[in-house]
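Numbering (this note's numbering), first residue to last: 3 to 205. Worksheet: the structure to be examined is printed underneath.
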Ligand SMILES: Nc1nc2c(ncn2[C@@H]2O[C@H](COP(=O)(O)OP(=O)(O)OP(=O)(O)O)[C@@H](O)[C@H]2O)c(=O)[nH]1
Ligand SMILES: [Mg+2]
């Protein structure tokens, strides 16, 4: 497990291998075989950066720090069915998306095999934005992209019910997960999502 955390990096720059979603690499090179790009989407303050922070092995923070531009982190998995998988998780300032910089959006979604669309179960507005987000994701992503709807902040008193989340996901034909970036094992949730998405990886 400690190995995972050591393998995680977080930096403010564009990854070198942004062109490839699933690339085969020499195992000796960086101790991974496949590079999987997944991007985060959703309204401001829904918890995208906390999700990424937990993936990169850092602890949850209550402090809000708006994401400026695009950040990414990575993590090498070696659990069952995910041995040698390197996840590269992209996190963008949601306001950039709303201002519709087309080249930036294209670059952000390019090569992603999945999008994690987060909303905040304590914030109805973030739930009401889901349809718009799905339209945007489909506009910029590759046609086979898998979208996962994720209700976050379930440690808090909720306004959006579990049923609303599952119905919305069903309506769009996508999978639904609920988490708390504060209390859930986010790495485990990410591993479940990776295993689920694995069938669509093209090597
Ligand atoms: N209680 C609780 N608070 C959370 C949870 N996830 C995120 N937060 C808080 O919600 C706030 C916003 O979290 P961020 O991760 O910065 O949200 P974001 O979606 O990256 O926001 P932008 O960068 O503005 O797009 C922060 O104060 C977090 O501490 C959660 O699961 N539970
Ligand atoms: Mg953020």
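Backbone N, C-alpha and C define an ideal beta-carbon position, used for all residues, glycine too.
Euclidean distance between Cα positions of residue 172 and residue 179: 12 Å
Bridge partners for residue 150 per DSSP, in chain order? 118 and 177
Cα separation between residue 37 and residue 69? 24 Å
So for residue 84, helix, strand or coil by DSSP? coil
Strictly by DSSP, which residues pair up with residue 92? 41 and 74
Using DSSP with H/G/I as helix, E/B as strand and the rest coil, what is residue 36? strand
Rounded to the nearest angstrom, what separates residue 42 and residue 188 at their Cα positions? 14 Å
Buried or exposed, going by whether 16 or more other CB atoms sit within 10 Å of the CB of residue 29? Reliability fails at residue 29, whose pLDDT of 41 lies under 50, so the model's placement of it is uncertain and the value that follows must be treated cautiously. Result: exposed.
Can you tell me whether residue 62 is helix, strand or coil according to DSSP? coil
Ligand 1 heavy atom lying under 7 Å from the CB of residue 68: yes
Could you work out which residue in 106, 45 and 65 is closest to residue 72 when comparing CA atoms only? Residue nearest to residue 72 within the set 106, 45 and 65 is 106 (criterion: CA-CA distance).
Reference residue 97, options 194, 135, 200 and 54, closest by Cα: 135
May I ask you to list the residues that DSSP assigns as paired with residue 79? Answer is 87, bridged to residue 79.
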